[in-house]
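K.L.:
Protein sequences appear in the order of chains A and B. For the first sequence, UniProt numbering begins at 1 and goes up steadily by one. For the second sequence, UniProt numbering begins at 1 and goes up steadily by one. Here a beta-carbon is modelled for each residue, glycine too, at the ideal position from N, C-alpha and C.
Protein chains: 2
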Amino acid sequence: MKTIFESTLLVVDDEPEILIMLKKILNQAGFSSVLTADCCQQAREIFGAEKPNGVILDIMLPDGDGFSLMQEFRLKSNVPMLFLSARDEDENRLLGLGLGADDYITKPFLPRELVLRLSGILRRVYQPMLTPPSQDECLVLGNVTVNFKSGVVQARDWKKTLTAKEHALLKKLWDNQGNIVTSDNLCRCAWDDDLYGYENTLMVHIRRLREKIEEDPSQPKYLLTVRGMGYKLVKDPTL
Amino acid sequence: MKTIFESTLLVVDDEPEILIMLKKILNQAGFSSVLTADCCQQAREIFGAEKPNGVILDIMLPDGDGFSLMQEFRLKSNVPMLFLSARDEDENRLLGLGLGADDYITKPFLPRELVLRLSGILRRVYQPMLTPPSQDECLVLGNVTVNFKSGVVQARDWKKTLTAKEHALLKKLWDNQGNIVTSDNLCRCAWDDDLYGYENTLMVHIRRLREKIEEDPSQPKYLLTVRGMGYKLVKDPTL
DNA sequence: AATTAAAATTAAGGTAAAAGTAAGGCAGGA
DNA sequence: TCCTGCCTTACTTTTACCTTAATTTTAATT
Chain A
1 MKTIFESTLL VVDDEPEILI MLKKILNQAG FSSVLTADCC QQAREIFGAE
51 KPNGVILDIM LPDGDGFSLM QEFRLKSNVP MLFLSARDED ENRLLGLGLG
101 ADDYITKPFL PRELVLRLSG ILRRVYQPML TPPSQDECLV LGNVTVNFKS
151 GVVQARDWKK TLTAKEHALL KKLWDNQGNI VTSDNLCRCA WDDDLYGYEN
201 TLMVHIRRLR EKIEEDPSQP KYLLTVRGMG YKLVKDPTL
Chain B
1 MKTIFESTLL VVDDEPEILI MLKKILNQAG FSSVLTADCC QQAREIFGAE
51 KPNGVILDIM LPDGDGFSLM QEFRLKSNVP MLFLSARDED ENRLLGLGLG
101 ADDYITKPFL PRELVLRLSG ILRRVYQPML TPPSQDECLV LGNVTVNFKS
151 GVVQARDWKK TLTAKEHALL KKLWDNQGNI VTSDNLCRCA WDDDLYGYEN
201 TLMVHIRRLR EKIEEDPSQP KYLLTVRGMG YKLVKDPTL
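(1) Which stretch, first to last residue, makes up the alpha helix (DSSP H) that contains ASP90(B)?
(2) Could one say the Cβ of ARG207(B) lies closer than 8 Å to chain A's Cβ atoms, at least one of them?
(3) Just how far apart, CA to CA, sit ASP65(A) and ILE59(A)?
(4) What number of angstroms, rounded off, separates the C-alpha of GLY48(B) from the C-alpha of MET21(A)?
(5) Taking a contact to mean a Cβ-Cβ separation below 8 Å, would you say LYS23(A) touches VAL12(A) in this structure?
(6) From ASP102(B) to GLY120(A), what distance separates their C-alpha atoms?
(7) At the level of alpha carbons, what is the spacing between ARG208(A) and GLY228(B)?
(8) Hey, could you find the ends of the beta strand (DSSP E) ASN147(B) is sitting in?
(9) I need the DSSP call for PHE13(A), collapsed to helix, strand or coil.
(10) With H, G and I counted as helix, E and B as strand and the rest as coil, what does DSSP make of CYS39(A)?
(11) Is LYS76(B) close to chain A, meaning its C-beta is less than 8 Å from at least one C-beta of that chain?
(12) Apply the 10 Å Cβ neighbour rule to THR225(B) and answer buried if 16 or more other Cβ atoms are within range, or exposed otherwise.
(13) Just list the alpha helix (DSSP H) runs in the UniProt domain "OmpR/PhoB-type" (136-235) of chain A, keeping only unbroken ones of 4 residues or longer that don't cross its boundaries, in chain order.
(14) Specify the secondary structure class of SER119(A) as computed by DSSP and reduced to three states.
(15) With C-beta atoms as the reference, is ASN143(B) less than 8 Å away from ALA155(B)?
(16) Given that GLU72(B) touches chain A, what residues does it touch there, using C-beta distances under 8 Å?
(17) Quick one: give me the first and last residue of the beta strand (DSSP E) that LEU84(B) is part of.
(18) Name the DSSP bridge partner or partners of VAL125(A)?
(19) Taking 7 Å as the limit between beta carbons, can you name the residues of its chain near CYS138(B), skipping five residues before and five after?
(20) Going by the beta-carbon positions, is the gap between ARG124(A) and GLY100(A) smaller than 8 Å?
(21) Quick one: what does DSSP say ILE20(B) is sitting in, helix, strand or coil?
(22) Can you give me, in chain order, the residues of the region 89-116 of chain B that have a beta carbon less than 8 Å from any beta carbon in chain A?
(23) Report the CB separation of TRP174(A) from LEU82(A) in whole angstroms; it is logged as a contact under 8 Å.
(24) Using only CA atoms, which one of PRO62(B), LEU116(B), GLY230(B) and GLN41(B) lies nearest to GLY178(B)?
(25) So, for LYS160(B): in the same chain, excluding its five sequence neighbours on each side, which residues have a beta-carbon less than 8 Å away from its beta-carbon?
(26) Would you identify the three-state DSSP class for THR131(A), choosing helix, strand or coil?
(27) From what residue to what residue does the alpha helix (DSSP H) around MET75(B) run?
(28) Do PRO80(A) and GLY98(A) have their C-beta atoms within less than 8 Å of each other?
(29) Since LYS165(A) and LEU186(A) are thought to touch, with beta carbons under 8 Å apart, how far apart are those beta carbons, to the nearest angstrom?
(30) Which of the three DSSP states is assigned to GLY54(B) in this structure?
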């Protein structure tokens with residue numbers, strides 16, 4: 001399936017004029033394949049034969065009710081289904097949703113709202129995957145890895161934790177990786193008051209950071225000093 | 001993630017009593033991790049930090065509107081979001097759904113309907129990724145086992161139960177196992193009002209938790225302090 | 001090479017965050 | 001109503017982290 005508009009939809013309602021209207025609305029919205037049924041029996045046949053990708057059900061049907069029909073279909077398939085009914089009592093809505101309906105729309109309804117809700121559901125179901133299961137983003141510096149979420153710096157055979165200030169500073173540098181971060185800006189992100197006089201303190205922290213990420217402090221490769229301006233974190237010193 | 005009830009939810013509304021009510025409703029329904037925010041700014045912070053699995057948004061907020069906020073969040077994530085608003089005009093519903101909301105619920109609403117609709121959406125979105133139902137998941141810390149469903153902490157020859165607060169806090173830490181959880185966030189998940197002044201109380205609870213899981217409080221191995229930031233639960237101290 | 005300002009290095013001392021402790025308060029159940 | 005268990009408050013003590021300050025090294029400028 002390419003887009004949700006190539007879904008096959010099944011609309012079940014006993015009023016012919018409603019069926020015609022719905023079909024028109026859905027076609028206009030871009031759904032090319034809309035099947036209709038006006039009773040449970042017909043709905044069952046189409047459902048079995050066509051395996052629709054979405055079902056819109058009225059509740060009152062001549063030869064049964066939509067609730068039972070939905071239950072029946074749910075046993076066979078996890079396809080998106082929604083109720084479209086004139087019955088707006090709380091109990092009915094709760095019943096319908098409780099049976100696993102993806103929505104419960106009451107008549108009269110806004111065509112555009114129906115389309116939006118239906119499209120939303122179909123999109124969720126047929127174009128689902130969000131959140132690519134991402135492992136925590138880590139900062140990798142040579143053999144050393146920094147995980148900001150856990151505040152851990154580690155290599156193969158050891159492990160250290162970052163203190164609050166170190167965490168703030170290194171994060172700031174990482175966020176601006178490759179660019180110069182002025183001492184002022186670094187101070188601002190680690191200290192609330194923007195008093196000056198933190199320059200020296202900052203240096204001490206930078207020193208500790210360098211130790212922690214195993215820099216040779218006299219020959220830093222990753223956490224570089226930019227004289228007169230600030231510091232810079234580079235991921236790959238060869239570049 | 002094992003079930004949808006382990007989703008982290010974010011509720012944004014400017015009325016404190018609504019927040020408290022929603023939190024209660026959702027907790028009762030089984031959602032264990034419900035965060036709340038009363039303005040856009042706070043919502044942004046939590047959204048960025050916690051990556052919630054579902055968002056419930058009011059439209060009228062003191063420092064902005066829910067529509068813009070949803071647009072903003074949509075750019076960053078495809079997470080399920082729904083509106084909960086007193087404004088029932090057609091245009092607003094269409095606008096909300098058009099921006100990609102998964103639902104638009106109007107106040108007053110039936111608690112059960114909210115829960116059904118939310119659960120339905122979450123199931124659609126996350127079900128495909130859910131792992132097959134396993135036996136009760138337990139947190140194992142050395143010789144001690146914590147069962148969150150029963151709230152029981154036990155070792156070979158003894159057994160204790162968790163209190164409500166302990167349960168909430170430990171659950172939160174477990175959900176973010178290995179990562180730093182700020183004191184703020186811990187407080188938020190255990191107390192409704194996000195008043196400050198819970199820091200001390202939090203500490204006392206942490207202390208009790210440490211006793212309960214048989215930590216040597218002076219040399220914790222599992223429930224670690226991250227000074228200036230918060231706490232962290234590690235499953236295996238050797239790693 | 002001399003000069004000088006910037007940055008690095010130390011180690012000690014200060015301080016705020018967290019731990020510890022105990023008593024008081026409050027709600028739910030008997 | 002009292003009782004019990006849980007939560008909160010308030011206070012002291014401890015400690016991990018941060019800051020300070022003095023000295024040394026480095027790098028840019030002349």
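P.N.:
So, from the listed chains and residues:
(1) To locate residue 90(B), count along the second sequence from 1; it is residue 90. Run containing ASP90(B): 90-98, per the alpha helix (DSSP H) assignment.
(2) By 1-based counting over the second sequence, the position of residue 207(B) is 207. No, its Cβ sits nowhere closer than 8 Å to a Cβ of chain A.
(3) Within the first sequence, numbered from 1, the residue matching residue 65(A) stands at position 65. Within the first sequence, numbered from 1, the residue matching residue 59(A) stands at position 59. Between ASP65(A) and ILE59(A), the C-alpha separation is close to 5 Å.
(4) Within the second sequence, the letter at position 48 stands for residue 48(B). Within the first sequence, the letter at position 21 stands for residue 21(A). So the alpha carbons of these two residues sit roughly 44 Å apart.
(5) Here residue 23(A) refers to the residue found at position 23 of the first sequence. Here residue 12(A) refers to the residue found at position 12 of the first sequence. In this structure, VAL12(A) does not lie closer than 8 Å to LYS23(A) by Cβ.
(6) Within the second sequence, residue 102(B) is the residue found at index 102, counting from 1. Within the first sequence, residue 120(A) is the residue found at index 120, counting from 1. When rounded, the distance between both Cα atoms is 6 Å.
(7) Numbered from its first residue, the first sequence carries residue 208(A) at position 208. Numbered from its first residue, the second sequence carries residue 228(B) at position 228. Each residue's Cα considered, the two are about 17 Å apart.
(8) Reading the second sequence from its first residue, position 147 is the one you call residue 147(B). Per DSSP, ASN147(B) belongs to the beta strand (DSSP E) from 144-147.
(9) Numbered from its first residue, the first sequence carries residue 13(A) at position 13. Looking at the sequence itself, residue 13(A) is Asp, so the reference to Phe does not match. It is coil, neither helix nor strand.
(10) Counted from its first residue, the first sequence places residue 39(A) at position 39. Coil.
(11) As a working note, residue 76(B) is residue 76 in the second sequence. Answer no: the Cβ-Cβ gap between LYS76(B) and chain A never drops below 8 Å.
(12) In the second sequence, the residue the question calls residue 225(B) occupies position 225. Burial call: exposed.
(13) 164-175, 183-190 and 199-212
(14) Translated into positions along the first sequence, residue 119(A) becomes position 119. Helix at SER119(A).
(15) Indexing the second sequence from 1 puts residue 143(B) at position 143. Indexing the second sequence from 1 puts residue 155(B) at position 155. Contact: yes.
(16) Along the second sequence, one-based indexing puts residue 72(B) at 72. None at all; the shortest Cβ gap to chain A is about 17 Å.
(17) In the second sequence, counting from the first residue as 1, residue 84(B) sits at position 84. Here the beta strand (DSSP E) through LEU84(B) covers 81-85.
(18) Position 125 of the first sequence, counting from 1, holds the residue named residue 125(A). Bridge partners of VAL125(A): none, in fact.
(19) What you label residue 138(B) is simply residue 138 of the second sequence in a count that begins at 1. So the qualifying residues of the chain are THR145, VAL146 and ASN147.
(20) Along the first sequence, one-based indexing puts residue 124(A) at 124. Along the first sequence, one-based indexing puts residue 100(A) at 100. No. Outside cutoff.
(21) Taking the second sequence and counting its residues from 1, one reaches residue 20(B) at position 20. ILE20(B) falls in the helix class under three-state DSSP.
(22) ASP90, ARG93, LEU94, LEU97, GLY98, GLY100, ALA101, ASP102, ASP103, LEU110, ARG112, GLU113 and LEU116
(23) Counting from 1 along the first sequence, the entry for residue 174(A) is found at position 174. Counting from 1 along the first sequence, the entry for residue 82(A) is found at position 82. The Cβ separation is near 46 Å, so there is no contact.
(24) In the second sequence, counting from the first residue as 1, residue 178(B) sits at position 178. Selected option, being the one with the closest Cα: GLY230(B).
(25) Residue mapping note: residue 160(B) aligns to position 160 of the second sequence, counting from 1. Excluding residues within five positions, the ones whose Cβ falls inside 8 Å are VAL152, VAL153, GLN154 and LYS212.
(26) Looking up residue 131(A) in the first sequence gives position 131. Reliability of the predicted coordinates at THR131(A) is poor, the pLDDT of 47 falling under 50, and the value obtained from them is presented with this limitation in mind. In the structure shown, THR131(A) sits in coil (DSSP, three-state: anything other than H, G, I, E or B).
(27) As a working note, residue 75(B) is residue 75 in the second sequence. The sequence as given places Leu at residue 75(B); Met does not occur at that position. Taken as a continuous stretch (DSSP letters only), the alpha helix (DSSP H) holding LEU75(B) covers 66-76.
(28) Position 80 of the first sequence, counted from the first residue, corresponds to residue 80(A). Position 98 of the first sequence, counted from the first residue, corresponds to residue 98(A). For PRO80(A) and GLY98(A), no; Cβs fall outside 8 Å.
(29) If you number the first sequence from 1, residue 165(A) lands on position 165. If you number the first sequence from 1, residue 186(A) lands on position 186. About 10 Å separates the two Cβ atoms, so there is no contact after all.
(30) Residue mapping note: residue 54(B) aligns to position 54 of the second sequence, counting from 1. Strand, per DSSP.
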